[in-house]
Structure formats: structure tokens, C-alpha cells
Amino acid sequence: MTNKLSEKLVIGRLGKARGLKGEIRVKSLSDDPKRFINLETCQLENEAGNVLSTKEVVDCRVINQDVWIRFKDVSDRDAAESLRGLYLSVDREDAIPLTEDSFFVVDLIGCSVYDQEKGLLGKVSYIQSNPSADIIYVKKAGEEDLLYPNLKTIVKNIDLENKRIDVVLPDGLYEIYR
């Protein structure tokens, strides 16, 4: 069975409008907010991942890790505010190249997570970005989500081709959730 990686990458979520000229704050989902500076076009998606439109970027600034962006056809505050909550995505081929042995965090979504003692824990459903370590949410039907930090001491192997993550959970972590 071949699992194809998504052709697009979600890189941010639109927040509040600023000023009168259509500038919008972006919550960056990238590890480097400066990646937005060279962005020329992007797609706007809803929560379900449906592409609503393609936008041309006319201005982008990074101020203290905050990203502010303006689109060509969004010229006032009301138009900018109407985009609040939508996601920004780019085609995978237009993304910043990865270094060897690295991956896009979004590629973990849908991977099956296995613990060496407990077996299948479920599938990655969400990843919460945190400064010290991302938090991985694992969903299994009929059970509470299991959360663990994405640390080398816990994550032993990531096989994106087979959508599999092998972990060794710390003592007691499994029992907190299940």
C-alpha cells in the first residue's frame, strides 16, 4: 500500500485584521515565520481543507515573530476581517526545501502510532505547536485522545512512507489517558 503525502502544506492561519488597508495577522504554523517574506501566492482553505481561493501576496512583514500579510484583492479592513480563521497553504513543490532527515510536521497527521509495549495507540489527529516541543494528539475510536510530546526520548522511529510512528511512552503516561 502506498500512502501519498499531501500535495499542499498548511503554513498558517489568518487572524485579526490590522489598520485600514487590509493587513491580516497570520499565526505561523512554520518553524520559521520569516518563510512568509518571499511568499508570492498561497491558497486559502477552510477547516475541512477545501481550497476557497488563491491569493497573490503584495506585502508581508515579520515583527517580533508576528507575521502580517496583505493580499492583492483585499484592500480594506472589512475584506481582511472576512478571511479570519481561514488557513494558508502552499503547494509542496513551492515549500522551503527540507534538510536531510527532516519532514513537514503536517505529514505526521494520519500516521498510526505504536508503543513497543501497548501496541497500536491510534492515529495522529492533531499537532499542537509549542516552543519546547510539539504535542502530538493520538485518536483511537471510543477512547480519550492520548497526548505526548514530540521528543527524541519518546519517538523512536518515523516512517512517513508507511505512515507509522514508533514510540516508547514514559511510565504512567498511557494510564493517564486510557
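For the sequence shown, the working numbering assigns the number 430 to the initial residue and increments by one for each residue that follows. The beta carbon of each residue, even a glycine, is placed where N, CA and C say it ideally should be.
Runs of the alpha helix (DSSP H) spanning 4 or more residues and lying entirely within the region 447 to 528 occur at 506 to 510, in chain order. Going by C-alpha positions, glycine 601 is about 26 Å away from lysine 592. Leaving aside the five residues that flank glutamate 474 on each side, the residues in its chain whose CB is nearer than 6 Å to its CB run, in chain order, Val480, Tyr516 and Ser518. Under a 10 Å Cβ-count criterion, glycine 451 is classified as buried, with 16 or more other Cβ atoms of the shown protein chains found around its own Cβ.
Sequence-distant partners of serine 459 (beyond 5 residues in either direction) whose C-beta falls short of 6 Å from its own C-beta, in its chain, are Ile440. Arginine 499 is not a Cβ neighbour of valine 491, given a cutoff of 7 Å. Secondary structure note for isoleucine 605: its alpha helix (DSSP H) is the uninterrupted segment 602 to 606. The DSSP-derived three-state label of leucine 537 is helix.
Within the same chain, Phe465, Ile466, Leu468, Val496, Trp497, Ile498 and Arg499 come within 8 Å of cysteine 489 by CB-CB distance, once the 5 residues on both sides are set aside. In this structure, aspartate 530 lies away from valine 596, with their beta-carbon atoms at least 7 Å apart. Counting C-beta atoms within 10 angstroms of its own C-beta, lysine 437 has 16 or more neighbours from the protein chains shown and is therefore classed as buried. One Cα belongs to aspartate 574, the other to isoleucine 583, and the distance between them is close to 17 Å. Of the residues assessed, tyrosine 555 falls on the exposed side of the cut-off, its CB having fewer than 16 other CB atoms within 10 angstroms.
Pairing glycine 514 with proline 578, the inter-Cα distance amounts to about 26 Å.
Within the DSSP secondary-structure output, aspartate 595 pairs in a beta bridge with Tyr543 and Asn586. A direct Cα-Cα distance of roughly 45 Å separates alanine 570 from serine 504.
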